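Working notes, structure below.
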Amino acid sequence: MSHFPSSARSRSRLRDKVKAFFHRSKSKGKASNVAGGSILGPQTQVQNPANLRYGDKSLTGGMPAGSTVTASKNRVVPILGVVSQVLKAASIATASFPPAQLAVGALSAVVDTVKGSIQNDVDRRDFKKVLEETIKRLDRCMKSGEFSDELVERILRLERSPEFVMTANLKSTMATFLSNLKADLGSVDEAMDESWWSKWMEVDTQEVSKRYGKLQTTLSLFITETVIDIDGQVEALSRSTAELRALTKKNHDAIAQLQADEKFKRLNTATHVEYDAGPSDLRRCCTPETRKRVLGDLIAWATDDTNTQVYWLCGLAGTGKTTIAYSFCEMLQEAGLLCTSFFCCRGVSTSMNPRDVLPSISYHLASFSRPFAESLLDILRNPVNANIEQKELEKQFDTLILAPANAMPRSEILKRRVVVYDGCDEASNLREVSKLVGLFLKHSERLPFKILISSRRDDSIMSEFERVNVPLNSTLLFLHELEDSLVEEDIRLYIRERLSRISNLIMDSVLDKLVNCSGTLFIYAAVLCSFVDHGTKEEVQARLLAVLEGSLNPIPGTLSRPYDALDRMYAQILSGAVQSTDSTDIWDVLLVILTAQDPLTAENIADILDFAEYRVSNVTSALHAVLNVSNKADHPVTLFHTSFRDFVSEKSRGAQFYDLISAPRGRLASRCLQIIQKGLITDNICSIEDKSIKKSTVEAFKIQACISAALQYACANYIHHLMELEKEQLIADNRDVVQFFDDLILRWIECMSWLGMLENAVKYLRRVEASPASSSDLRLAVMDAKHFVLQCYEAIRDFPLEVYHSALVWLPQNSRIARRHQWQVWNVTRGISQAWNATEASHWGRVLCLCLSHDGQKVVSGSEDGTVGIWDVATGSEIRKLEGHLRGVHSVVISRDDRKVLSGAGDGIVRVWDVLLGSEEHRFEGHSDLVGSVDISDDGQWAVSGSRDKTVRVWNVGVGKLERIFRGHTKRVASVAISYDGKMVVSGSQDKTARIWHVDTGVEGWKMTHRKSVWSVAISHSGRKVASGSADRATRIWDVETGKEERRFEGLSDLVTRVAFSSDDMKVISQSKGETLLSILDSGRQEGVPKDTMVNGHPDFLEPSIVRMPITYSSGWLSGSEPSDRLWVPSQFRNFCTSVASAQTIAFGFKTGDVCIIKYFPS
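Here the UniProt record's numbering is used: position 157 in the sequence shown is 157, and no number is missing along the way.
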């Protein structure tokens, strides 16, 4: 159904409303002062502009009845003012209908022109020309008077209207309006002779009023009809626009929330770390009615704001720390006091990194505090914090905890929620764990949360408590030092519940004995119950009897220790398993389970060992008391408790089993190598199409699908198993190991990176390198691989495929890997030594300046040691070392024919060198201070120098003499440039000016001023423009003939150090520290070039067709003309102090005196 008004009554009401807006009411019995017909009926009076007010429903006021129009020029302006006001109102009324607004705009332009003509005595021919142009514009308006198909479609779509038809009234009104306007224009045209013009200006304003009154009447009718016809359409469109605006805002808010979610999501990448996450058998809560006192003390601490913010729950392995932490989390969750939990477990690799703890805490804090979340989001948007989850703990703590906490109101901070950090002693890096605990203690008063830390008693953690003088009695609970009676009662309740199925066999005397054996170790009771309560009644009785008998017999050769009873239990379980199944299989399966980074299923274990799966099942069934085994095939086999790992791994505890567990290592190492050889048959194991894709953006399931569990285990454990072999066995395997490093090392490193284990890879390589069993050949191969990874560690860690690209470019020539693998796109020809850790300095002092030859074959460097170096780009070798300056060389430039080098130094001398002979051609003396900038003309005949002595000097290179001295600057001259014909020089100075000098006459042309020091100048190829860059961060373009500023480009955040024109003079590149701006001269448009882009100081290297330099440097990466040609720059090559770049070469100069030259061959 149409939304447009249809009733005659509503249309009439609207017509009257519009008429009232554009016409004042007719005054009865009073003559009008405007003659001329109107199809509206009565004639309308011209309004007094003083009474016109926008928004009134009528235009009230007017001229008194019977008044006559005077012959004064001043009376014409008010008349035109009336029409102008009407047109402005009409323009507002027709804003939603383009054809109508175009017509109004055309007529408004006429009125403005007439007003201007009267006031400024514009020639009448100009006035006529404008009127004619008005007719043309209205003709075009008429031709496009219908709605376009696109507009109709939009209206239909937005309003869901079944049809839309442009009314006939609208078309006819448009045609009538145009016809009347043409007729009126004809009358005006006939009257436009000299006599009419004079009469109009002097006396006869009545005729003019008549003509414009008629135009105004026609326009009023047009507006009335148009508004009536399109009123419904405008209303509908307005509603749709409002709906769209609301939808857009909603979408904008949703997008902003999505972006915020993505920022926060980066902080919460650790999986299976919360107390109730992971497999159901991973963690358990306390048995009901047990641990009541401990949990009560913890709740009291959590709810008392006067208590300290850090609580340490510690105890021996098996004292029930994790179950207590689990139950505490449940209680906090129910009370709404839990912020988050982070449970470490050796069987869950994602929980082992201490650097994941603070990001996780910060992520969850943000969900409870809006001020904290808003502050944190602002922090994460800062590019500096892009990889905050990988930064040092101190940086993480300041950025993710303290900084956003400062935004929280004190009332929120005082109502602290609790963080539970359990099993931190099982993390991969105990040094970082103790550092993390130290940060919690040091800043405890500023923490917006309380934290419970649960671990074994570790000396490094204890030392952190002692360092900050925290009273241990208020922050520490030793579980194994609780009153025996309390623990015994809890254990009694636990055993009674767990063995309720066989309660008829558990007499009070038996229960007392089992409790006594458990001591303070809950894990003993748990393992005992798991061991006993399995199988038939007869089997249960036999195991119970074995436990009761064995519990009294100490392990031979050991002293009494708190966990002796537990060790005897483990020994009993292993002995029983050996008797019931193949003992060889037991040790193989156990070794795989104990050394796996991530839990493996029985099928995975069988694949690794090349066993039939039933052999693995037999072992796991026999060891059910110490293993968590599920009936589901996809569930992993895990240790029941980490104390079992300690038992079999420490010779002092499980002596009789230690050697048995280690025996399969040789077989397992060989099997790992076989799996690697079969699995790593190609580069790019995950089939990633773009090497620049960051690892963190690749879904984990894709990595898991491409790298099988067996291959993951083999890559992670091959070297580990090798290093556990006896020396003789390792020596025997040296040849196979060397072959692995020669053939598979890159693919192994790639795989370790995808698995997030690159740090482990480096540790393994260091172990092999330090092993006395490694042959010299193996040690060299391992050392090469270690340096290879460390040099580009960040790139390989984040972009695994860079192991085949960037990492290969920076290898020394004698590297074993370099002899076998290369990436042809980039080649570092100078700056890399022959061998690792060797040095090869180009200069003895800091490199102060660089330039490239025009043929791209040479790099020229100037050094603090007073020498000039010329280097071959292709080979990196030294062509010439030019000596003579007594102080540092601050500026070098090479002539167009590449035969001469010009150098300016701190000794105030400018030297001209012959490149082929390596000799000094001329020595120009005269400056009394450091020469900081030199340039040479295109023909090589003229040189210019700027000095700290405030002068600019021009030298005749052909005859070797001073040609001109230009004085005028009041401070140091920082930059000079000479035109291509050698006739003009421009200079920039710290006196805030750039000056043009004419060589022929020796006079100053123009002085051009900045707000701050001018550090760089350039002359266009045509010699018609000058560019100057300043410390005011602006680049200004000046006209050489007039000295006037043509354009100003701003946008850099630091002083402009370089400016250069493209060879077609249409573009200017400005560079500051780390930023580059490309400016288009004809349009004034500016485009940002990637941060840290290298720009050659010589303008010829800026091709007119390019938008940015082919070689760019940004955030540690060099980028070529192809997106896939990115090159990672190792950290030791980033601290350059000067640089220069062309399309295929980039060079860096360093404080150490080194020059690094890199060639690019686009792929």
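Just so you know, even glycine gets a beta-carbon here, dropped at the ideal spot from N, CA and C.
Everything numeric in this text was worked out from a predicted model, so none of it was measured.
Would you tell me roughly how many angstroms separate the C-alpha atoms of Ser349 and Ala526, rounded to the nearest one?
24 Å
Segment limits, alpha helix (DSSP H) that includes Cys329:
321 to 335
Selected residue, minimal CA-CA separation from Tyr1113, among Lys694, Ser1124, Val1129:
Val1129
Could you check whether the region 314 to 326 touches the region 281 to 295, counting it as contact only if at least three pairs of C-beta atoms, one from each stretch, sit closer than 8 Å?
yes
Pick from Ser774, Pro448, Glu1004: whose alpha carbon is nearest that of Ser729?
The question names Ser, but residue 729 is Gln in the sequence shown. Comparing Cα-Cα distances from Gln729 to each of Ser774, Pro448, Glu1004, the minimum goes to Ser774.
Would you tell me roughly how many angstroms separate the C-alpha atoms of Met569 and Met507, rounded to the nearest one?
20 Å
Between Thr951, Lys1007, Ser1070, Glu794, which has its C-alpha nearest Leu1127's C-alpha?
When each option's Cα is compared against that of Leu1127, the closest is Glu794.
Which parts of the UniProt domain "Nephrocystin 3-like N-terminal" (300 to 456) are runs of the beta strand (DSSP E), unbroken and 3 residues or longer, counting only runs that do not cross its ends?
Runs found: 310 to 314, 338 to 343, 417 to 422, 449 to 455.
Which of the three DSSP states, helix, strand or coil, is assigned to Trp754?
Trp754 falls in the helix class under three-state DSSP.
Proximity winner among Leu916, Ile909, Val419, relative to Glu878 (alpha-carbon distances):
Leu916
By the 10 Å Cβ neighbour count, where 16 or more other Cβ atoms means buried, how is Ser1079 classified, buried or exposed?
buried
How many whole angstroms separate the CB atoms of Ala709 and Leu600, which I take to be in contact at a CB cut-off of 8 Å?
6 Å
Host beta strand (DSSP E) of Lys1067 (start-end)
1067 to 1072
Collapsed DSSP secondary structure at Val986 in the structure displayed
strand
Going by DSSP in three states, Cys529 sits in which element: helix, strand or coil?
Cys529 sits in a helix when the DSSP states are folded into three classes.
Which residue or residues does DSSP assign as beta-bridge partners of Ala1141?
Ile1146
Between which residues of its own chain and Asp914 is the CB-CB distance below 6 Å, once the five residues before and five after are set aside?
Glu921
Can you tell me whether His885 is buried or exposed, with buried defined as 16 or more other CB within 10 angstroms of its CB?
Of the other Cβ atoms in all chains shown, 16 or more fall within 10 Å of the Cβ of His885; this residue is therefore buried.
What's the gap between the Cα of Thr308 and the Cα of Phe342?
If you draw a straight line from the Cα of Thr308 to the Cα of Phe342, it is about 20 Å long.
Relative to the C-alpha of Glu1050, which candidate in His1010, Arg1024, Gly1023 has its C-alpha closest?
Ranking the options by Cα distance to Glu1050, first place goes to His1010.
Looking at C-alpha atoms only, which residue of Asp1039, Gly988, Ser455 is the closest neighbour of residue 1199?
Since the first and last residues shown for the chain are 1 and 1163, residue 1199 lies out of range.
Since I believe Phe640 is in contact with Leu627 (beta carbons under 8 Å), could you give me their beta-carbon distance rounded to a whole number of angstroms?
The beta-carbon separation of Leu627 and Phe640, rounded to 6 Å, stays under the 8 Å limit for a contact.
Cβ-heavy atom distance, Cys1156 to the ligand SAM, below 6 Å
The model depicted lacks the ligand SAM and carries no ligand whatsoever.
Rounded to the nearest angstrom, what separates Lys537 and Ser500 at their Cα positions?
13 Å
State the Cα-Cα distance for the pair Asp784 and Glu689, rounded to the nearest angstrom.
28 Å
May I ask you to report which of helix, strand or coil DSSP gives Thr867?
Coil, per DSSP.
Thinking C-alpha only, which one of Glu925, Thr993, Asp938, Ser1016 is nearest Lys961?
Glu925
When DSSP labels each residue in this structure, what does Phe1061 get in the three-state scheme?
Looking at Phe1061 - three-state DSSP - the assignment turns out to be strand.
Indicate whether Glu289 and Leu436 have their beta-carbon atoms separated by less than 7 Å.
no
Whether Pro354 touches Val433 by CB criterion (7 Å)
Yes, the pair counts as a contact, with Cβ atoms nearer than the cut-off.
Taking only three categories from DSSP, how would you classify Glu1103?
Unreliable positioning characterises Glu1103 in this predicted model, as indicated by a pLDDT of 34, which lies under 50. A coordinate reading is not provided.
How would you call Ser853, buried or exposed, if buried means at least 16 neighbouring beta carbons within 10 angstroms?
buried
Taking the alpha-carbon positions, what's the Gly831 to Val847 distance?
13 Å
Among Val976, Val1026, Thr1057, which residue has its Cα nearest to the Cα of Lys1012?
Comparing Cα positions, the closest option is Thr1057.
When the Cα atoms are used, what is the spatial distance from Met352 to Ser375?
28 Å
Through-space distance from Asp742 to Phe788, alpha-carbon basis
13 Å
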